[in-house]
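Student: Once you've had a glance at the structure underneath, I'll fire off some questions.
In full-length UniProt numbering, the protein residues as written are 1 to 190.
What follows is the structure, given as structure tokens:
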């Protein structure tokens, strides 16, 4: 209960910070921004907006906001091609080295037991929803910055957004292909 309250409040705080940053973008002349400010604003926009959805996803079943049909992978070949072309395996390797390489962190997603498959599927859906909502929200803010003449912020924010939100979506969808294969294999053994 306390965790829900705190994480909800932190999400509200991040919404406020995001709106303040967007307001600043709308009212500041692009020529007044240094490269340090451009990089900082691009990073913070992504961090704040993604954080809003991440913290909500830690305490609420946000994946339920989309129909379960959205999470079903309909064309595995296309997804695997996108995974390969975008080099998502390098992103995955970076995540494993930086964070998920620790067994304790991996166990939060998948315990390694048959019973953990359901939790793994749930976690991929939660993660994907959070990143999808953030991807769309940051894209909207990026276009607002472009309309206001902030070309450099638009480009940098979009690049960070694609790496920080699109890549995880592709990765989670790829995980669900593996979950489906594993589930089918386990059902055949019964």
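Beta carbons: idealized from backbone N, C-alpha and C, even for Gly.
Whose CA, out of 122, 115 and 21, lies closest to the CA of residue 57?
Tutor: For residue 57, the nearest C-alpha among the options comes from 122.
Student: To the nearest angstrom, report how far apart residue 69 and residue 42 are at their CA atoms.
Tutor: Looking at the two C-alpha atoms, the distance is approximately 33 angstroms.
Student: Which of the three DSSP states is assigned to residue 28 in this structure?
Tutor: The answer is coil: DSSP assigns residue 28 none of H, G, I, E or B.
Student: Which runs of the alpha helix (DSSP H) at least 4 residues long sit entirely within the segment 53-129? Give them in chain order.
Tutor: 68-71, 76-85, 88-95 and 103-109, all fully within the segment 53-129.
Student: Under the rule that 16 or more other beta-carbon atoms within 10 Å means buried, what is residue 178, buried or exposed?
Tutor: So residue 178 counts as exposed.
Student: Give the straight-line distance between the Cα atoms of residue 115 and residue 62, rounded to the nearest whole angstrom.
Tutor: About 22 angstroms.
Student: Give the C-beta separation of residue 67 and residue 127 to the nearest angstrom, bearing in mind that I take them to be a contact with Cβ-Cβ under 8 angstroms.
Tutor: Not quite, the Cβ-Cβ distance comes to about 17 angstroms (not below 8 angstroms), so this is no contact.
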